[in-house]
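Residue numbers (numbering that gives the first Met the number 0), protein chains in the order written: chain A, 0 to 215; chain B, 0 to 215. C-beta atoms are modelled at their ideal positions from N, C-alpha and C, and glycine is treated no differently. See below for the structure under consideration.
There are 2 protein chains.
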Amino acid sequence: MKIAILGTGQVGQTIATKLAALGHEVKMGSRTANNEKANAFVAANGGKTSQGTFADAAAFGEVVFNCTSGGASLDALKMAGAENLKDKTLIDLSNPLDFSKGMPPSLYPQYSNTTSLGEEIQKAFPDAKVVKAFNTMNCKLMVEPTLVPGEHDLFVGGNDAGAKEKVKEIAGWFGWKNPIDLGDITSARGTEMILPLWVRMMGVNQSPNFNFKIVR
Amino acid sequence: MKIAILGTGQVGQTIATKLAALGHEVKMGSRTANNEKANAFVAANGGKTSQGTFADAAAFGEVVFNCTSGGASLDALKMAGAENLKDKTLIDLSNPLDFSKGMPPSLYPQYSNTTSLGEEIQKAFPDAKVVKAFNTMNCKLMVEPTLVPGEHDLFVGGNDAGAKEKVKEIAGWFGWKNPIDLGDITSARGTEMILPLWVRMMGVNQSPNFNFKIVR
Numbered sequence: 000m001k002i003a004i005l006g007t008g009q010v011g012q013t014i015a016t017k018l019a020a021l022g023h024e025v026k027m028g029s030r031t032a033n034n035e036k037a038n039a040f041v042a043a044n045g046g047k048t049s050q051g052t053f054a055d056a057a058a059f060g061e062v063v064f065n066c067t068s069g070g071a072s073l074d075a076l077k078m079a080g081a082e083n084l085k086d087k088t089l090i091d092l093s094n095p096l097d098f099s100k101g102m103p104p105s106l107y108p109q110y111s112n113t114t115s116l117g118e119e120i121q122k123a124f125p126d127a128k129v130v131k132a133f134n135t136m137n138c139k140l141m142v143e144p145t146l147v148p149g150e151h152d153l154f155v156g157g158n159d160a161g162a163k164e165k166v167k168e169i170a171g172w173f174g175w176k177n178p179i180d181l182g183d184i185t186s187a188r189g190t191e192m193i194l195p196l197w198v199r200m201m202g203v204n205q206s207p208n209f210n211f212k213i214v215r
Numbered sequence: 000m001k002i003a004i005l006g007t008g009q010v011g012q013t014i015a016t017k018l019a020a021l022g023h024e025v026k027m028g029s030r031t032a033n034n035e036k037a038n039a040f041v042a043a044n045g046g047k048t049s050q051g052t053f054a055d056a057a058a059f060g061e062v063v064f065n066c067t068s069g070g071a072s073l074d075a076l077k078m079a080g081a082e083n084l085k086d087k088t089l090i091d092l093s094n095p096l097d098f099s100k101g102m103p104p105s106l107y108p109q110y111s112n113t114t115s116l117g118e119e120i121q122k123a124f125p126d127a128k129v130v131k132a133f134n135t136m137n138c139k140l141m142v143e144p145t146l147v148p149g150e151h152d153l154f155v156g157g158n159d160a161g162a163k164e165k166v167k168e169i170a171g172w173f174g175w176k177n178p179i180d181l182g183d184i185t186s187a188r189g190t191e192m193i194l195p196l197w198v199r200m201m202g203v204n205q206s207p208n209f210n211f212k213i214v215r
């Protein structure tokens, strides 16, 4: 599958590297073409990987992963271009974490509580099929759930049933069984708002290798 | 132990009834003495149970449970009286849920994100030993963890180590093993902010019989 990764940070690198290892055609996008980290990704993964601007990547991908940092996501997606996101599954991994006041981060009020970053992205790009997923865990765990032993959960939420099925299929490539479908994109409020507990738990646990499970 | 329950709603009734069944002296407090629901609790549980105002209950209890609704908690605790809460373990079960705009509830901005209701209670009553606990689950589960099979978690957070030990002891009476100590009262941000996911999951699950587990 042709897949776009928007963002060259740790999350983007991890998702892109895994998808490349699985044999997919992956284009990593950044603000400018020939971003140093995007070039390093291509150099390391070769063959079917490539890099370019956010718009280049979004135009290329059948599926688009938003791996940009939450505060910059809407700008990055504007650079990607609504026409390049139209009718595509846009997997939103971002969280509206505001680190500007130091640690621990709070959530940007304009992207939380009575709305969410996932919802704001869906509103800004009504023709994209936004699916919130993977945002409740460390990126290494996203692509390798067995890093944490036993059963634990991946949440997905979005308005388009077909796009959610596609995300569940991709999650299956990574090893996820039975993701919890929380319904429409407004469910992103819930999954984004558990980040403060996630950050706290990382401190308690002294490791990001943990995950939430809904026991029922 | 002499225990005060502030609040006559479902949470207060459930905690008070369990503690009475365990043989403790329980006084249920409300805005006014002889609240109908508080009288019903005493009528049903007899003997060592009693009722009165918030202040009556707080003065009576060695340990005080705040089971009032989040938006009313600070007012209720003011009626309970700082002098009656001084040096006592104040177990805060409340969540800053704002139902005024309909379902799903949002969180009151003044009690969330860069602060929490637990913190605001601790600030308003600096001589009380506030411990946030039990606020991440349905009240029936609080006092009977085996309602959900298998292992799942209770979170505690507060500034006073001795008070947290007391809460862990009480949690043990209810059947909780190994609560997760999240540190100081600022951790209440995390546990209060998972309520939107809890509410969403209740809809997905069509039952409140579930709980969070940290898998690591």
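Distance between B/Ala-56 and B/Leu-18, taken at the CA atoms: about 15 Å. In the three-state reduction of the DSSP assignment, B/Asn-210 falls in the strand class. About 14 Å separates the CB atoms of A/Pro-103 and A/Pro-207; that is not less than 8 Å, and the two are not in contact.
Chain order gives no chain A residues near B/Ser-93, where near means a beta carbon separation below 8 Å; the closest approach is about 17 Å.
Distances from the CA of B/Val-130 to each of B/Leu-153, B/Asn-112, B/Asn-137 and B/Ala-37 were compared; the closest alpha carbon is that of B/Leu-153. Interface annotation for the region 188–205 of chain B against chain A: Arg-188, Gly-189, Thr-190, Met-192, Ile-193, Pro-195, Leu-196, Arg-199, Met-200, Val-203 and Asn-204, criterion Cβ-Cβ distance under 7 Å. By the neighbour-count criterion, in which a residue is buried when 16 or more other Cβ atoms sit within 10 angstroms of its Cβ, B/Pro-144 is buried. Rounded to the nearest whole angstrom, the C-alpha separation of A/Gln-121 and A/Met-78 is 15 Å. For A/Thr-48, the three-state secondary structure derived from DSSP is strand. 8 Å or more divides the Cβ of B/Met-27 from the Cβ of B/Thr-13.
Annotation: the continuous beta strand (DSSP E) that includes B/Asp-91 extends over 88–91. Non-local beta-carbon contacts of A/Arg-199 in its own chain, meaning distances under 8 Å to residues more than five positions away in sequence, involve Pro-103 in chain order. Judged by DSSP secondary structure, B/Glu-61 falls outside any beta strand (DSSP E); it is assigned neither H nor E. If the five residues before and after A/Asn-34 are omitted, its C-beta is found closer than 6 Å to the C-beta atoms of Thr-7, all from its own chain and listed in chain order. Taking a beta-carbon distance threshold of 8 Å, B/Ile-213 counts as an interface residue toward chain A. Relative to the Cα of A/Cys-66, the nearest Cα in the group A/Leu-73, A/Gly-45 and A/Leu-92 belongs to A/Leu-92.
Here B/Gly-28 is bridged, per DSSP, to B/Leu-5 and B/Gly-51. Separation of B/Thr-16 and B/Ala-37 (C-alpha to C-alpha, rounded to the nearest whole angstrom) is 11 Å. Residues of chain A with a Cβ closer than 7 Å to the Cβ of B/Thr-113 are, in chain order, Ser-105. Judged by beta-carbon spacing, B/Leu-84 lies beyond the 8 Å limit of B/Pro-95, meaning their Cβ atoms are not closer than that value. As for any alpha helix (DSSP H) of minimum length 4 sitting wholly inside the region 64–151 of chain B, the runs are 72–79, 81–84, 116–123 and 138–142, ordered along the chain. Exclusion of the five residues before and after B/Asp-86 leaves Asp-126, Ala-127 and Lys-128 as the residues of its chain whose Cβ lies within less than 8 Å of its Cβ. Residue environment: A/Lys-212 is assigned as buried (16 or more neighbouring CB atoms within 10 Å of its CB, all protein chains considered). Residue state for A/Ile-193 is assigned as coil, using DSSP reduced to three classes.
Of the residues assessed, B/Asn-177 falls on the exposed side of the cut-off, its CB having fewer than 16 other CB atoms within 10 angstroms. Residues of the region 147–167 of chain B with a C-beta less than 9 Å from any C-beta of chain A: Val-147, Pro-148, Gly-149, Glu-150, His-151, Asp-152, Phe-154 and Gly-156, listed in chain order. Against chain B, the CB of A/Pro-178 has no partner CB under 8 Å away; the residue lies outside that interface. By a beta-carbon distance limit of 8 Å, B/Phe-173 does not contact B/Val-147. Their separation comes to about 13 Å. Neighbours of B/Leu-181 in chain A, taken as residues at a C-beta separation under 9 Å, are given in chain order as Leu-196, Arg-199, Met-200, Gly-202 and Val-203. Judged by DSSP secondary structure, B/Gly-171 falls within the alpha helix (DSSP H) whose first and last residues are 160–173. Within the model, the alpha-carbon separation for A/Asn-134 versus B/Asn-112 is close to 18 Å. Distance check between B/Arg-188 and each of A/Met-192, A/Leu-181, A/Gly-80 and A/Glu-164 places A/Met-192 closest, using alpha-carbon atoms only.
Under the 8 Å criterion on CB atoms, B/Asn-137 is classed as non-interfacial with respect to chain A. DSSP places A/Gly-157 within a strand segment (E or B) once states are collapsed to three. Here A/Asp-180 is bridged, per DSSP, to A/Val-155.
For B/Phe-98, the closest Cβ of chain A is not nearer than 8 Å.
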